[in-house]
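Sequence order for the protein chains is A and B.
Our numbering runs 1 ahead of the 1-based position in the first sequence.
Our numbering runs 86 ahead of the 1-based position in the second sequence.
Each residue gets a CB set at the ideal place from its N, CA and C atoms; glycine is no exception.
Have a look at the structure below, then the notes.
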Amino acid sequence: MDLKDLYQEIILDHGKNPRNLGKFDNYNKDAKGNNPLCGDNVHVYLRLNENKKVEDIAFEGHGCAISMASASIMTDMVRGKEEKEVKEIVTDFLGMIKEKDSLDTNILKEDEKTKLMSLSGVKQYPMRVKCATLSWHTLTSALDNSDQIIKTED
Amino acid sequence: MNIHDIKKEFPIFDDKIQNNDLVYLDSANSSQKPRIVVDRIYDFYTKEFSNVGRSVHYLAVAATNLYEQTRVSVQKYINAKDRDEIVFTKGATEAINLVANTFGQKYLSEGDEVLLTELEHHSNYVPWHFLRKAKNIKIEFAEINDDGEVTLEAIEKKITNKTKIISVSHLSNVTGAILPIKEIVQLAHSKNIPVLIDGCQGAPHLKLDMQDIDCDFYAISGHKMYGPTGIGVLYAKKKWLEDLPPYQGGGGMINEVKKEGITYGELPNKYEAGTMATAQVIAFNESIKFMEKIGIQNIEKHEKELLDYGLEKLRKNNSVNIIGNPKEKGGVISFTIEGVHPHDIATILDEDGVAIRAGHHCCQILHDKLNLPATARASFGVYNTKDDIDKLDEAINKCKKIFNL
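Laid out in structure tokens, this is it:
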């Protein structure tokens with residue numbers, strides 16, 4: 002294990018200055034997630050247009066550098082993508098965080114994949130995987146219009 | 087037994103953990119186990135095992151005697167009047183649930199109030215919440231002050247003629263505040279209100295005298311007292327144990343069982359249904375002996391020295407913010423670092439073998455009040471040294487460096 006793998010510069014940067022933090026007015030989908038273990042929570046807001054494209058996305062919440070960076074990078078990455086593309090990215094990301102060594106989707110460009118792979122260090126820290134995945138599960142819940150609050154314990 | 091040389095009594099410190107010497111600062115969560123406790127479990131299972139209180143063969147009688155010896159040790163250790171006032175449970179959580187359930191059944195009805203504090207661990211809130219749902223009772227919270235203490239006045243302010251029981255921590259697992267429990271009991275009793283003390287953090291660190299404190303109930307966690315997991319103690323005045331209904335039904339807690347009716351066993355069996363954590367109870371006797379050998383006064387003195395040293399050290403460390411400043415405080419330092427989330431602190435400290443806890447420490451009400459989603463917490467046990475605190479301080483500095491602070 003090496004802390005440098007976990008706390009890469011990009012994570013520290015996004016963790017400290019999360020992009021897309023806040024709420025915007027005309028969202029039409031949202032969901033909440035929380036991590037009962039540490040009290041972290043996130044609220045994802047997004048606007049899907051008539052073509053099912055993510056027109057805008059933002060999040061509110063607080064948490065560790067990993068969870069903030071993950072939500073920040075995620076929101077950057079899915080803006081402008083179609084719903085089914087978003088879902089493919091989410092599945093690919095969750096697979097990578099849990100077991101796969103790489104991202105397989107063709108939707109993301111190489112530099113985007115590199116950015117996302119910066120979160121792969123959490124694999125070595127099983128207790129911290131939930132920090133990285135919370136916002137992604139919450140995004141899925143928002144897209145599915147689920148009323149259920151996402152809990153990482155499930 | 088010299089407290090300054092005690093680490094060697096704990097096998098966990100013999101080997102490196104992830105290539106580091108272990109700096110264990112998570113004793114408020116659970117303490118490490120001395121060799122004699124671990125060995126006792128092994129010996130019991132390999133040489134002496136039998137279930138207790140049932141069969142009459144040699145091993146059963148011997149095991150029953152050992153099991154009951156722990157009861158007497160606990161009774162003496164906490165200076166309870168009667169050995170029947172010691173009930174074994176699976177932990178302090180079960181002890182509190184037992185009281186909430188049985189006292190609630192018999193004495194609480196709609197509109198009645200239970201008085202807790204904002205410091206309480208979830209285990210001293212959730213069981214009462216069940217009653218709020220089932221019986222429509224009300225739960226009141228005595229407030230903490232700016233120093234993270236709950237004063238006698240804060241308790242008094244929330245007592246009404248509807249208050250039926252007061253249930254408070256002895257020692258906060260977050261701010262370390264030691265509550266004036268004797269005074270709280272006196273005040274409550276002057277109004278005929280019984281008091282339960284959640285002694286999870288009190289019992290491992292403070293001298294206990296049930297007859298002096300005069301509380302009605304006191305919940306103890308075994309695994310925080312250098313004992314095995316799966317064992318706790320409910321101390322309750324005999325009059326309550328005789329008066330309240332049984333908690334769980336099953337073997338061992340009955341007197342006579344007929345198709346048309348059942349009578350319950352005598353104390354303390356009435357509250358010990360089913361096969362208990364026999365090996366753990368028997369090994370818990372070694373934990374008590376271990377603490378007695380060091381001497382609780384020495385434990386208190388040692389942990390106070392560590393606390394003073396730790397507070398001084400961390401106060402000097404820029405950007406470390408210590409949570410609470412109680413006048414009477416146990417060996418717990420909760421803190422935050424400006425710009426670093428507690429979970430990141432814990433992960434980075436762990437890299438150097440410094441084991442702390444991060445999160446809300448099962449005290450969400452308190453963290454909401456403090457307006458902090460999480461804190462980092464270093465908590466002490468008999469085996470800690472000033473060197474451990476120096477390593478904590480160094481690891482915090484490393485953490486600041488990683489986050490460019």
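Under the 7 Å criterion on CB atoms, Tyr8(A) is classed as interfacial with respect to chain B. Nearest Cα to Gly16(A) within the set Glu89(A), Leu120(A) and Lys99(A): Leu120(A).
If you draw a straight line from the Cα of Tyr126(A) to the Cα of Lys114(A), it comes to about 21 Å. Close CB contacts of Val160(B) within its chain, under the 6 Å cut and outside five residues either way in sequence, are with Ile172 and Val319 (chain order). The residues Leu47, Arg48, Leu49, Val79, Arg80, Gly81, Lys82, Glu83, Glu84 and Val87, in chain order, have a CB closer than 8 Å to that of Val55(A) in the same chain once the five nearest residues on each side in sequence are set aside. Note on geometry: alpha-carbon atoms of Thr361(B) and Ile264(B) lie some 35 Å from one another. Secondary structure at Tyr350(B): strand, using DSSP grouped into helix, strand and coil. According to DSSP, Ser420(B) shares a beta bridge with Arg463(B). For chain B, the residues of the region 126-139 of chain A that bring a beta carbon within less than 7 Å of one of its beta carbons are Tyr126, Arg129 and Cys132, in chain order. Its chain contains Glu226, Lys244, Thr249 and Ile252 as the residues whose beta carbon lies nearer than 6 Å to that of Leu201(B), once the 5 sequence neighbours on both sides are disregarded; these appear in chain order. Within the model, the alpha-carbon separation for Asn259(B) versus Val236(B) is close to 13 Å. Runs of the alpha helix (DSSP H) spanning 4 or more residues and lying entirely within the region 2-47 of chain A occur at 4-7 and 10-17, in chain order. The beta carbon of Met118(A) sits closer than 8 Å to the beta carbons of Met97, Ser103 and Leu104 from its chain, once the five residues preceding and following it are set aside; these are given in chain order. Runs of beta strand (DSSP E) with 3 or more residues, each lying fully within the region 435-489 of chain B, are found at 443-445 and 461-465, listed in chain order.
Comparing alpha carbon positions, the residue from Asp394(B), Phe421(B), Ile431(B) and Glu378(B) closest to Lys162(B) is Glu378(B).
One finds nothing in chain B with a Cβ atom closer than 9 Å to the Cβ of Ala72(A); even the nearest lies about 13 Å away. Cβ-Cβ distances below 7 Å link Ile11(A) to Lys116 and Ser119 in the same chain, with the five nearest sequence neighbours on each side left out; the list follows chain order.
With fewer than 16 other beta carbons inside 10 angstroms of its own, Met128(A) counts as exposed.
Scanning the region 216-286 of chain B for uninterrupted alpha helix (DSSP H) segments of 4 residues or longer gives 238-244 and 267-276, listed from N- to C-terminal end.
With contact defined as three or more Cβ pairs closer than 8 Å, the region 361-377 of chain B and the region 390-403 of chain B are not in contact. Listed in chain order, the positions of the region 3-28 of chain A with a beta carbon within less than 9 Å of a beta carbon of chain B are Asp3, Leu4, Lys5, Leu7, Tyr8, Leu13, Gly16 and Lys17.
Identification of residues in the region 86-103 of chain A having a C-beta nearer than 9 Å to some C-beta of chain B yields an empty set. Burial of Gly40(A) is indicated by the presence of at least 16 other C-beta atoms within 10 angstroms of its C-beta. For Leu152(B) and Tyr312(B), the gap between their C-alpha atoms comes out near 19 Å. Listed in chain order, the positions of the region 402-435 of chain B with a beta carbon within less than 8 Å of a beta carbon of chain A are Gly425, Val426, His427, Pro428, His429, Asp430, Thr433 and Ile434.
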